[in-house]
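Student: Whatever position you read off the sequence shown (first residue = 1), add 3 for the UniProt record's numbering.
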Amino acid sequence: GVETLARIPMSVLKTHNRKDDAWTAIHGKVYNMTHYLRFHPGGEKELMRVAGRDGTKLFALTHAWVNVDFMLDACMVGFLVSDS
Ligand code: HEM
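1. Run through the DSSP bridge pairs and tell me what Val15 is partnered with.
2. Pairs of beta-carbons, one from the stretch 28 to 35 and one from the stretch 66 to 85, closer than 8 Å: are there three or more?
3. What is the residue span of the beta strand (DSSP E) that Ala28 lies within?
4. What residues match up with Ala9 in a beta bridge as DSSP calls it?
5. Return yes when at least one heavy atom of the ligand HEM lies under 7 Å from the C-beta of Val53, else no.
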């Protein structure tokens, strides 16, 4: 359940920026998109632009109509929190 998911600081998100270990955050949720990369209709290269970063803005710019919440639900690893 959602209550068991991790709180992930930006400093940790940043380290997952490789094709074999690619995380992003969208609307406060952190996703491990490594296995989704090759299925992305917009290509791996586009998706890698948000690896290790907050991808909310770029995602909204390219396709705000895509339901990422639903699509990547199984890839969710936690919630983005600020470093303290
Ligand atoms: C297309 C999912 C992130 C660039 C699509 C489509 C889906 C999708 C379902 C097809 C949409 C349609 O045909 O209406 C996702 C998910 C993302 C993500 C789940 C987040 C993890 C991104 C990012 C970028 C991007 C960050 C750009 C930096 C594109 C482009 C297309 C596309 C350019 C159009 C491809 C085409 O029709 O030729 N994406 N996307 N996507 N995506 Fe993403």
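Cβ coordinates follow ideal geometry from the N, Cα and C atoms, glycine included.
Tutor: Looking at the atomic coordinates:
1. Val15 pairs with nothing; no bridge assigned.
2. Taking 8 Å as the limit for Cβ pairs, the verdict is that the stretch 66 to 85 does touch the stretch 28 to 35.
3. Element bounds for Ala28: Asp24 to Ile29.
4. The secondary-structure analysis by DSSP pairs Ala9 across a beta bridge with Gly81.
5. Within the cutoff, so yes.
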